[in-house]
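Using the UniProt record's numbering, read the sequence shown as starting at 1 and increasing by one per residue.
Structure, as structure tokens:
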Amino acid sequence: MTPHATTGRADSPVTPGGAARPGAGTGPGPAARRARRRATTVNPGLYLFPLPAVALLVVFFAVPTVQAVQYAVTDWDGFSADYRMVGADNFTRALTGDDLFRNALVNNLKFMLVVVLAQTALSLLLAVLLARNSRGSVILRSLYFFPTILSSVSVAFIWKFVYDPNFGLVNRSLDAVGLGGMRSSFLGDDQAIYWVAITQVWFHAGQMMVVFVAGLQAIPVELYEAAGIDGAGRWGKFRHITWPMIAPATAIVVAYTTIQSFKAFDLILGLGGNPPNSSLDILSTRIYTTFANSDYGYAAAESLLFMILIGIVTVTQRRMLRATTADT
């Protein structure tokens, strides 16, 4: 018999006579509970840390949004102290009576559709081809990412030269190979919004490629090895492993690309001038023109409709993406 059994240790829950010590086995004592409460108590000073971010959000988002709602139901011109309350007339005018606003809306949806599909597909293809961290892949990734660091105005002037109908790179190249009959005015025809979409894809595909590369490199290699043992080919691996595993990265790319396509204000003005022609007019440039015409109340209503549209499109895309990944 060990000495513990005869003398009874101080930390043993059993007394030397075999009876349980009072309070033993019923949980931590009062001192331990007080220490635990002190450890879980949040220092009030920690609540001061989010205040700068909250202040910026309130000043630059919440307050302007509330003011936009106030102005949207008036006919304020932005300068005079007098204005009338017009209720929902500005919204009705935008949705049913303004051909310029509806034309800008259609152009913006076309632009968004092309940019989201083409840019997502191209950036994913580049990421799949350059996912390995070899020297060549790193160099090519850097080259494809380079346009992203340029300003929108610089990109607009570069591509304005490319699309120039007289001495532009595209038309001169067509002449050089004997295809002069395919010359185009590009930014001056009815399909101009699609040419701007190509510029937007060139501008940001490298940026979205980096997001996809990060998602691809986070996929465990063991999954591909197991799929290969089971006889899966490249398409099967992509469909059942790669695509579902990069769903979070795809959601980020699609949402960000959508917002970019609605915010292509400076690119449109750089390529199409101020104001742009009707084939290049999108919602952001239309709202800007309305403000410039001192129709602040109506411009505020257009801005609110613009914000609501972005929210609807983004939520719809996320649900469609979830349904797609769930099916795979």
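The beta carbon of each residue, even a glycine, is placed where N, CA and C say it ideally should be.
Between which two residues does the alpha helix (DSSP H) holding serine 134 run? Premise fails: serine 134 is in no alpha helix (DSSP H) and is neither H nor E.
Residue closest to serine 303, alpha-carbon to alpha-carbon, out of Phe60, Thr65, Asp98: Thr65
Does DSSP classify alanine 24 as helix, strand or coil? Interpretation of alanine 24 is limited by its pLDDT of 49, a score under 50 that renders its predicted location unreliable; no figure is taken from the coordinates.
Might you give, ordered along the chain, the residues of its own chain that have their beta carbon closer than 8 Å to the beta carbon of alanine 227, omitting 5 neighbours on each side? Gly236, Lys237, His240, Ile241
Please confirm whether threonine 120 and methionine 209 have their CB atoms less than 8 Å apart. no
Paired residues, beta bridge with methionine 85 - DSSP: Thr74
Neighbour-count burial assignment, tyrosine 47, 16 or more Cβ in a 10 Å radius: exposed
Find out if the Cβ-Cβ distance for the pair valine 254, phenylalanine 203 is shorter than 8 Å. no
With distances taken Cα to Cα, identify the nearest neighbour of tyrosine 296 among Val162, Ala205, Leu57, Arg84. Arg84
Measuring CA to CA, which of Lys263, Ser261, Tyr288 is closest to asparagine 274? Tyr288
Leaving out five residues on either side along the sequence, give the residues of the same chain with a beta carbon under 7 Å from the beta carbon of arginine 195. Correcting the residue type first, residue 195 is tryptophan in the shown sequence and not arginine. The answer, listed in chain order, is Tyr163, Phe186, Leu187.
Straight-line gap, phenylalanine 306 to threonine 290 (C-alpha atoms, nearest Å): 13 Å
Cβ neighbours of glycine 174 in the same chain (closer than 7 Å, five flanking residues each side left out): Looking at the sequence provided, one finds leucine at residue 174 rather than glycine. Cβ within range, chain order: Gly180, Met182, Arg183.
Below 8 Å on the Cβ atoms is my guess for alanine 131 versus leucine 216; work out the distance and round it to an integer in Å. 4 Å
Just checking my contact of serine 279 with isoleucine 193 at CB under 8 Å: how many whole Å lie between their CB atoms? 6 Å
Proline 248, DSSP secondary structure in three states: helix
Could you check where the alpha helix (DSSP H) with glutamine 217 kicks off and where it finishes? 192-217
Please determine, among Thr257, Leu269, Gln191, Lys263, the residue with the shortest C-alpha to C-alpha distance to glutamine 317. Thr257
Take glycine 270 and list the residues in its own chain whose beta-carbon comes closer than 8 Å to its own, dropping the five residues that flank it on each side. Ser152, Val153, Val155, Ala156, Phe157, Lys160
Output the distance between the C-alpha atoms of alanine 176 and valine 170, rounded to the nearest integer angstrom. 10 Å
Per-residue burial, leucine 283 [other beta carbons within 10 Å of its own, 16 or more giving buried]: buried
By DSSP, does proline 147 sit in helix, in strand, or in coil? helix
Using the C-alpha atoms, what's the distance from glycine 168 back to valine 86? 49 Å
When you compare each of Asp230, Leu267, Val213, Ile219 to leucine 122 by their alpha carbons, which one comes out closest? Val213
Counting C-beta neighbours from all protein chains within 10 Å, is the total for leucine 126 16 or more, i.e. buried, or is it exposed? buried
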